[in-house]
Structure formats: C-alpha cells, structure tokens
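Protein sequence lines, in the order shown, are assigned to chains A and B. Quick note on numbering: the first sequence equals residues 1 to 342 in full-length UniProt numbering. Quick note on numbering: the second sequence equals residues 1 to 162 in full-length UniProt numbering.
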Amino acid sequence: LHLHTLPVMSFFSFGQSAEIDIVLNDAETRKKAEHKTEDGKKDKYFLLYDGETVSGKVNVTLKNPGKRLEHQGIKIEFIGQIELYYDRGNHHEFVSLVKDLARPGELTQSQTFDFEFIHVEKPYESYTGQNVKLRYFLRATISRRLNDISKEMDIVVHTLSTYPELNSSIKMEVGIEDCLHIEFEYNKSKYHLKDVIVGKIYFLLVRLKIRHMEIDIVKRETTGTGPNVYHENDTIAKYEIMDGAPVRGESIPIRLFLAGYEMTPTMKDINKKYSVRYYLNLVLIDEEERRYFKQQEITLWRKGDIVRKSMSHQAAIASQRFEGSSSAEKALAQAQAKEQEQ
Amino acid sequence: MADTIADTRRLFSKPQNLNDAYGPPSNFLEIDVSNPETVGVGRTRFTTYEIRLKTNLPIFKLKESRVRRRYSDFQWLRGELERDSKVVVPPLPGKALFRQLPFRGDDGIFDDYFIEERRAGLEQFLNKVAGHPLAQNERCLHMFLQDESVDKTYTPSKIRQA
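Now the structure itself:
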C-alpha cells in the first residue's frame, strides 16, 4: 500500500496546523508608508529606517485546539533582498538576520514568542521597479518534517538625506548652429522629493518656428552589468512651459513642483545590481512636429521630517528673502536670539 | 504647520531688447507652389509649377526667389536628400502611373483636379523639407529652390556659413 502525500496536509486534517501572525511592538505609534506592489497596486506598510531596532511578537495559533503541533524548530528572520525579474530564482540577500524562537519540540497550545533585532542595518531604500525589486521583510517559520509553515510581513524602508553641502545650479548653452541657440538654467542640481524646480530658458537665436516647449521628468532604471545592461526609461511627467513661438531675447520661466509626482530618490549602483536615475528632458517642438531636446540628470533625495522651527523664525526668513534689507536681517537675528532664550 | 517655504521666485533674466521683441522674427520662411502650366505637345507634355520663396534666414542666398520645376525635379531632390542627409524625408504626392494609361475618361495627369491635389502635396513637401535645419545644409536644396535650373550633374556638398 502506498500512501500518497500531498503538499497541503491540512486538506486531510491529519495532524495539526497553525497560523502565524507577526506584530511589531510599536505598531500603534509607528508610521506607515504607501508602496507600490509589482502589479501596480498600492498598499501601506510599516516604515522603518536604517539603524532602528526591529522588535515584536510572533503569535502562533493552533488550528485544532487540543492536538499537538510537532516541529523541528521555530525561528524568525529579518531579510533584505534584491530580486531581478529576469532571474527570479536568485534572490540576492544583502541583510539576513535570524533569531531562534523555539528548539525542536512540540506545541500543545497557542503561544507567543518575543523577538528583537537590535540596530538593524537597512542600507538601501525599498524599491519596486519595472525589472527589479528590493524589499525587506520579517519571516517567521515553523520547520516541520514534510512542509514548513511560514508567514512573511513586508516592511518599507526609506533612506533619508540631509541638505547637500554643495548644490550648484545647472546652466548650459545648447543649440543647433545658426538655427536655434538656447541657454537653460535650473536653480539646483540636487532636489528633494517635495522640492520645486525653478529655472528658465533663454532664447539666444531662433531661426525656427517653435510651436511649443515642455519639460519632461524621465526615470531610468538600469539593471544588469557589463554587456547585459538594460535601461528602462519611463516619462513620469510632461509639463508644458511654453505655448507659442518665442523670439530672440525671450526668457521662459520654469516652476515645477515635484511633490505631485511619484518618484524615488536617485539610487546609484545598489548592491552592484541596479540604478535608478532621473533626468530633466527639455523638449522643443516646431511647426512641422520636429522635436529638439536636451536631457540633463538631476539628483533626487529624500528629506526627513524636520523639527519645526518657531513661527517668528520662519517669518523672519521669509521677509529676508523678499526684502533683503538690513531691517529684515535684524528681525532674523532677533528671532534667533529669542529661540536661544527659550 | 508647513515645512520651510521653498523659494520659488523667478531666476533673474536680462530684459528683452525692444527691437527683438517687436521686430520681425528671424524665422521667416514662406514657400508657395502655384501656377501649374502644361508645356509641350502630345506624349511629351509635362506640367511645371512655380515655386516662390520669401525668407529672412541668412542660409538662403536670395531673400526672394521664383523658379519653375516639374514633378521629376521634386523626385530628384527627394532622392538627393535621402542619400546625403540624415533627414527622414517626407513622402511626395503619388506618381499616379495609372493616370498615364490610355483610354481614360478624364485628362489623366493633366486633369485639373489631379494637378491641384499634386500642387498642394508638393507645397506641403517643400515647406516641411526647407524648414529642416539639416536639409538647409544641403547644396541640392538651395539649387532646387533658388537656381534658374537644376543641374543634375552637380557635385553634392554641404553649405557652410561664414
């Protein structure tokens, strides 16, 4: 007689099965962040940062109360991994931590296990892209002879930066000889995700009939190395900045608020597996639909929530910008002195 | 409470010269294809079209010019540009070989309606091509538009401005 074992044992309610539930200790207070899944849906996950301790509880609930659950050990893992869609079998784990919760034995009733991963390194930001995915998750596993029971809980990691010390503007003259010369300027080269791009396009020579000008934000995801490099370009935004024909000497302003677009920080050579870069693409279109364009890379970074300064300090900064006079500077100094007193 | 307010004031720009602002723009280029005339007799008949050009672009030697060309001259121009320039040359209106077959009920390729359709297509073709910055560098384009006649034995070359 041959007993045919099926992968899902619980079908036959032989033995015992269990449900696993992972709960973070600070679930009540910890913020959640929205993150796109591979099929484009948006979901909310707990938000963690680099260096933070990850602690919580694993609740194991027996499905058939009264029956024992034999197991080969219970553990919890914290994993950070990169998955290239064209090579699904290979997960590249760059963070892999394990905590044993129970030695091989048996559970006679539902039980809760505490866990704590201290000061976990989370060097990269969670990313779900067109050809690659980087994710962090907790995975609790009850090992058994025939089939394990496991539960995963995804979390999202954001990498924060501070204001860059050096943030020069981008200013360049480009064109087609004797035909179209422009000078474009963007106020910074590094923008945070809720920043504003302030710039201008100055026309030095216009011997074409331009009908329209727009600025596009292009995201380029690069996967693979050496001869197998693959670039996936995606135009995230198209923003018309001029409608009509410009002439020499005209200056067209640019003011593009980034907060309205779904973007990630610039990611360079993450674990030597992929990069995500952003470009501003300035496009001019003439009367015969011919397109002239100039692409320029910008660096995007994620700003942390700032500690709120006092109202008077904020107001003083604002007035200084618009008046630039000594009275405004005095107001700023006064506000600063007041802050220090408090 | 809002984050620190971003500075969104416009960048400084030089005020525009009034002459630049209100003077004629330096991109004036107008090409008309008109006045079709059928010349010759019998089987050797063909139609020519007047090509009138008005421009202020420095790359054109003459600011005004008027020449006559036939359909095969347009075909020649298109062939030269496809070969020598990196331009994706737009198509010409059709050759209409079927119109040259005998026993037609109408005037074939000398039919008024057909000539008008062809004239409009040739005008559209020339405006697209002559306005292209890369096509403007080709000697064949300038010869076609402004020389008395097209010399098909010419040496193809690029125009370079001083």
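In this text, a Cβ means the ideal position worked out from N, Cα and C, and glycines have one as well.
Cα-Cα separation between residue i and residue j, rounded to whole angstroms
i                      : j                      : result
residue 137 of chain A : residue 80 of chain A  : 7 angstroms
residue 76 of chain A  : residue 143 of chain A : 11 angstroms
residue 149 of chain B : residue 67 of chain B  : 8 angstroms
residue 12 of chain B  : residue 253 of chain A : 10 angstroms
residue 65 of chain B  : residue 145 of chain B : 8 angstroms
residue 57 of chain B  : residue 141 of chain B : 14 angstroms
residue 288 of chain A : residue 134 of chain B : 14 angstroms
residue 143 of chain B : residue 276 of chain A : 50 angstroms
residue 69 of chain A  : residue 42 of chain A  : 36 angstroms
residue 342 of chain A : residue 10 of chain B  : Only weak support exists for where residue 342 of chain A lies, its pLDDT of 48 falling under 50; the coordinates are left without a value.
residue 14 of chain B  : residue 159 of chain A : 40 angstroms
residue 263 of chain A : residue 193 of chain A : 7 angstroms
residue 283 of chain A : residue 290 of chain A : 10 angstroms
residue 50 of chain A  : residue 125 of chain A : 9 angstroms
residue 234 of chain A : residue 133 of chain A : 16 angstroms
residue 352 of chain A : residue 58 of chain A  : Beyond the ends of chain A as shown, which are 1 and 342, falls residue 352 of chain A; an answer cannot be given.
residue 211 of chain A : residue 139 of chain A : 57 angstroms
residue 43 of chain B  : residue 120 of chain B : 25 angstroms
residue 242 of chain A : residue 151 of chain A : 53 angstroms
Chain A within 7 angstroms of residue i, Cβ atoms only
i                      : result
residue 16 of chain B  : yes
residue 27 of chain B  : yes
residue 157 of chain B : no
residue 139 of chain B : no
residue 20 of chain B  : yes
residue 128 of chain B : yes
residue 11 of chain B  : yes
residue 102 of chain B : no
residue 77 of chain B  : no
residue 91 of chain B  : no
Chain B contact for residue i (CB, 7 angstroms cutoff)
i                      : result
residue 312 of chain A : Residue confidence for residue 312 of chain A is low, a pLDDT of 46 falling below 50, so the modelled location carries little weight and cannot support an answer.
residue 294 of chain A : no
residue 208 of chain A : yes
residue 307 of chain A : For residue 307 of chain A, the predicted structure reports a pLDDT of 45, less than 50, and the residue's modelled location is therefore unreliable. A value from the coordinates is still provided. No, because no Cβ of chain B sits closer than 7 angstroms to the Cβ of residue 307 of chain A.
residue 227 of chain A : no
residue 185 of chain A : yes
residue 251 of chain A : yes
residue 288 of chain A : yes
residue 277 of chain A : no
residue 196 of chain A : yes
residue 176 of chain A : yes
residue 255 of chain A : yes
Residue span of the alpha helix (DSSP H) that contains residue i, given as start and end
i                      : result
residue 125 of chain B : 112-130
residue 21 of chain B  : 18-22
residue 165 of chain B : Beyond the ends of chain B as shown, which are 1 and 162, falls residue 165 of chain B; an answer cannot be given.
residue 72 of chain B  : 71-84
For residue i: DSSP bridge partner residues
i                      : result
residue 301 of chain A : A:192
residue 119 of chain A : The partner list for residue 119 of chain A (beta bridge, DSSP) is empty, contrary to what the question assumes.
residue 237 of chain A : A:217
residue 152 of chain A : A:139
residue 111 of chain A : A:60
residue 184 of chain A : A:172 and A:201
Residue interval of the beta strand (DSSP E) (run including residue i)
i                      : result
residue 275 of chain A : 274-286
residue 80 of chain A  : 74-84
residue 96 of chain B  : No beta strand (DSSP E) holds residue 96 of chain B; DSSP gives it neither H nor E.
residue 169 of chain A : Per DSSP, residue 169 of chain A belongs to no beta strand (DSSP E) and is neither H nor E.
residue 140 of chain A : 132-142
residue 92 of chain A  : 91-102
residue 35 of chain A  : 32-36
residue 49 of chain A  : Per DSSP, residue 49 of chain A belongs to no beta strand (DSSP E) and is neither H nor E.
residue 21 of chain A  : 18-24
residue 268 of chain A : 267-270
residue 53 of chain B  : 46-55
residue 36 of chain B  : 29-39
residue 257 of chain A : 251-257
residue 69 of chain A  : 69-71
Sub-7 angstroms separation of residue i and residue j beta-carbons
i                      : j                      : result
residue 240 of chain A : residue 131 of chain A : no
residue 247 of chain A : residue 206 of chain A : yes
residue 117 of chain A : residue 54 of chain A  : yes
residue 157 of chain A : residue 48 of chain A  : yes
residue 33 of chain B  : residue 122 of chain B : yes
residue 102 of chain A : residue 82 of chain A  : no
residue 187 of chain A : residue 169 of chain A : yes
residue 31 of chain B  : residue 137 of chain B : no
residue 128 of chain A : residue 38 of chain A  : yes
residue 271 of chain A : residue 78 of chain A  : no
residue 38 of chain B  : residue 110 of chain B : yes
residue 70 of chain B  : residue 46 of chain B  : yes
residue 292 of chain A : residue 251 of chain A : no
residue 63 of chain B  : residue 55 of chain B  : yes
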